[in-house]
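Keeping their order, the protein sequence lines are chains A and B.
Mind the numbering: the first sequence is residues 1 to 276 in this note's numbering, read in order.
Mind the numbering: the second sequence is residues 1001 to 1303 in this note's numbering, read in order.
No residue lacks a Cβ here, since even glycine has one placed at the ideal position from N, Cα and C.
Let me begin by presenting the structure, written as structure tokens, before commenting on it.
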Amino acid sequence: MMQSMPFRAALLSIVMAVLLFGIWEAAVVTPEKSTEMTEYEMLMGGAEQEARVPPPSDVLKHAWDELSNPFYDKGPNDKGIGIQLAYSLYRVLTGYILAALIAIPIGFVVGMSPLMYNALNPFIQVLRPISPLAWMPLALFIIQDSETSAIFVIFICSIWPMLINTAFGVANVRGDWINVARTHELSPLRTAFQVILPAAAPTILTGMRISIGIAWLVIVAAEMLVGGTGIGYYVWNEWNNLDLNSVIFSILMIGCVGMLLDLALSSAQRLVEYNE
Amino acid sequence: MSHAFLEVSGLSKVYATKEGNDFTVYDNVNFTLDKGEFVCIIGHSGCGKSTILNTLAGLDDPSAGAVIMNNKEVKGPSLERGVVFQNYSLLPWLSTLSNVEFGVKARWKSWSKSKVREHSTRFLNMVGLEHALNRKPSELSGGMRQRVSIARAFATQPELLLLDEPFGALDALTRGVIQEELVKIWSETHQTVFMITHDVDEAILLSDRIFLMSNGPNAAIAESVKVDLPRPRQRNTIFQQPGYYPLRNYLVNFLVNRSGEKPDTTSGKPKEVNPLADLDLSGAPAEGAAADHTPQHPRAVNQ
Ligand SMILES: Nc1ncnc2c1ncn2[C@@H]1O[C@H](COP(=O)(O)OP(=O)(O)O)[C@@H](O)[C@H]1O
Ligand SMILES: [Mg+2]
């Protein structure tokens, strides 16, 4: 075995995937003919044949169908997966960018001023542990619009990691670098942009990366609540249709998009990283 | 009134400790620097050398007393006082060239990009880093980093250069090379230099005068020792100069035996001494002195 590590890892991944799908396929392909209908099956009537977990071959076939025409739109209850994902991404990115625009400057101020840190800390400590979905009723009542409320929930859940990481990164910029700025008579604004921002950037981006992950987790739940459009709504809607092929397929899509979002942020992180 | 270029008068630094009583690092420090002088300060660790240097830089406020440069009191950091820190203090996200340009741009805001680049490159050439312009500090050795730091400080052409143990973390060979580069730049620019070191040989090689600091707390600059050796001095031949070992012995003797004594500072100024003044340096003792001491001086032998 002289192959490189990444190659061997990839090979192992494929083996594991094949194994997993094989077991899955084998487990569901021959459904046991239960002698007695469970209470659930009785409630579902004769639907048990469709309601069983589909084998991966069915899911893959379904995925192929969906992905070959992702943007079709046949009314409110039948839109392509691409459209649903686009709705979710739009909400996530809007809420996330708004949160970044507010969290990073405030985090900067909090990080630079111990007074502001101590003054704002109690608010942060109380607001941060609130589940973002707990804001939903209040948001719906005040904003009176489900679309905006979902964006608000994303905003509120992505703000904390960015705020806290920015403040932490700024507060921990090495004193020596601040002294370099001071001995070069840099104005406060130049110090902020030329020294503190690049010094704290890796920490800030870590916060941004955590935030986008949380936002993507939360959007699915938020859309299940507000309904209408989006991948979260889609999953729930397909569950109501008992189309488990679509449910599993969309679960996989949520994972893939989440991975891509994280990948984007981690590449941005690599751009601002430095070694001491 | 004719004042020295830099005048330090009645400088004290007191830290409040947790127990509530005060800790006086140094008390009533007075000295002057002339324009173009190279002065090193030697003293045991913790006696307050860095605190004095930071106060001269304007990074730290004195508890009492004042620093006056060019008849103006030092009230904060200024581009007229460049600092080279012991840990180099380069900005790690900037390349070698950008680190120097950072200083040059801050100094001359109206300069064009190409002028900034040309000026910065010239100073990096002086310290022999023309091949490493685009490398990040993390890709440089300690000696190369300190060269960048020195180039940055000299490139901004401050009137006073403050160096806090700039070679403390470097191996002896690298240190020797950079010392020579430092002397070369200094002899071209004639800036005033105030440098902390713990290396007696380094102080003798570089200084016009050496300040000897007594131990803390309540430290003071006990003596100002004149280095009466001709320039240019070469690190590989300086130990052959007749005055070298008498001077070196004087300094080592102070550090080993006398730095704990309470200095006599009634005059308010450090005692001015010239250990070589009474020596007859015209004759043969030079050979003898060198021969006697050479084995103690491996760095010179290495050359
Ligand atoms: N912020 C501080 N608070 C209390 N004591 C300090 C502080 N900074 C330095 N000191 C004390 O001042 C003394 C001088 O420190 P320093 O100037 O760094 O010494 P040196 O550079 O000569 O080794 C030391 O005893 C140190 O403990
Ligand atoms: Mg020190």
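Does chain B have any CB closer than 8 Å to the CB of residue i?
i, result
"Y365/A", "Since the displayed chain A opens at 1 and closes at 276, residue 365/A lies outside it and no answer follows."
"R270/A", "no"
"L186/A", "yes"
"V195/A", "yes"
"T94/A", "no"
"T191/A", "no"
"P198/A", "yes"
"R182/A", "yes"
"E25/A", "no"
"E147/A", "no"
"E50/A", "Here E50/A scores only 48 on pLDDT, less than 50, and its place in the model should not be relied on; the value that follows carries that caveat. By this cut-off, E50/A is not an interface position."
"Y87/A", "no"
"E276/A", "yes"
"F108/A", "no"
Please state whether the Cβ-Cβ distance between residue i and residue j is less than 8 Å.
i, j, result
"G230/A", "S88/A", "yes"
"L1124/B", "A1106/B", "no"
"T94/A", "I156/A", "no"
"L261/A", "M208/A", "no"
"M136/A", "A222/A", "yes"
"L1212/B", "F1254/B", "yes"
"G228/A", "S146/A", "yes"
"G1043/B", "A1155/B", "no"
"F1194/B", "L1056/B", "yes"
"V272/A", "L163/A", "no"
"G1216/B", "V1025/B", "yes"
"W216/A", "M224/A", "no"
"V180/A", "A199/A", "no"
"G111/A", "T191/A", "no"
"S1012/B", "N1028/B", "yes"
"E1165/B", "Q1179/B", "no"
"S1214/B", "E1261/B", "yes"
Residue i bridges to which residues according to DSSP?
i, result
"R1081/B", "L1160/B"
"E1272/B", "S1224/B"
"S1009/B", "A1066/B"
"V1193/B", "F1038/B, L1161/B"
"Y274/A", "Its beta-bridge partners do not exist; DSSP assigns none."
"V1014/B", "T1024/B"
"A1219/B", "Y1026/B"
"L1212/B", "I1042/B, E1223/B"
"D73/A", "K79/A"
"K1072/B", "M1069/B"
"F1031/B", "V1008/B"
Could you give the C-beta distance for residue i and residue j, rounded to a whole number, given that I count them as a contact under 8 Å?
i, j, result
"P161/A", "S211/A", "5 Å"
"L1133/B", "L1006/B", "Rounded, the Cβ-Cβ distance is 34 Å, inconsistent with contact."
"S1138/B", "N275/A", "4 Å"
"L1276/B", "L1247/B", "6 Å"
"Y1244/B", "I1204/B", "7 Å"
"R1122/B", "T1096/B", "With 8 Å as the limit, R1122/B and T1096/B do not qualify as a contact, their Cβ atoms being about 14 Å apart."
"E1181/B", "M1126/B", "7 Å"
"P54/A", "N245/A", "5 Å"
"I1210/B", "K1049/B", "I1210/B to K1049/B, Cβ: 12 Å. No contact."
"T1189/B", "Q1157/B", "7 Å"
"A1064/B", "G1020/B", "Not quite, the Cβ-Cβ distance comes to about 20 Å (not below 8 Å), so this is no contact."
"V126/A", "M116/A", "In fact, because the Cβ distance is near 17 Å, the residues do not count as touching under 8 Å."
Would you say residue i reaches chain A, if we count a Cβ-Cβ gap shorter than 8 Å as a contact?
i, result
"K1013/B", "no"
"L1173/B", "no"
"L1006/B", "no"
"W1373/B", "Beyond the ends of chain B as shown, which are 1001 and 1303, falls residue 1373/B; an answer cannot be given."
"S1089/B", "yes"
"G1048/B", "no"
"S1120/B", "no"
"G1103/B", "yes"
"F1239/B", "no"
"V1127/B", "no"
"V1074/B", "no"
"S1138/B", "yes"
"V1083/B", "yes"
"P1077/B", "yes"
"A1106/B", "yes"
Would you say residue i faces chain C, with C-beta separation under 8 Å as the test?
i, result
"F1194/B", "Here chain C cannot be found, since the structure's protein chains are A and B."
Q.
Please list, in chain order, the residues of the region 163-180 of chain A that have any C-beta partner in chain B closer than 9 Å.
A. Contacts with chain B (Cβ-Cβ distance below 9 Å) from the region 163-180 of chain A involve R174, D176, W177, N179, V180, listed in chain order.
Q: Using a Cβ-Cβ cut-off of less than 9 Å, list which residues of the region 1053-1065 of chain B approach chain A; keep chain order.
A: Result list: N1054, A1057, G1058, L1059.
Q. Listed from N- to C-terminal order along the chain, which residues in the region 1250-1262 of chain B have their beta-carbon within a distance smaller than 8 Å of any beta-carbon of chain A?
A. Hits within the stretch: zero.
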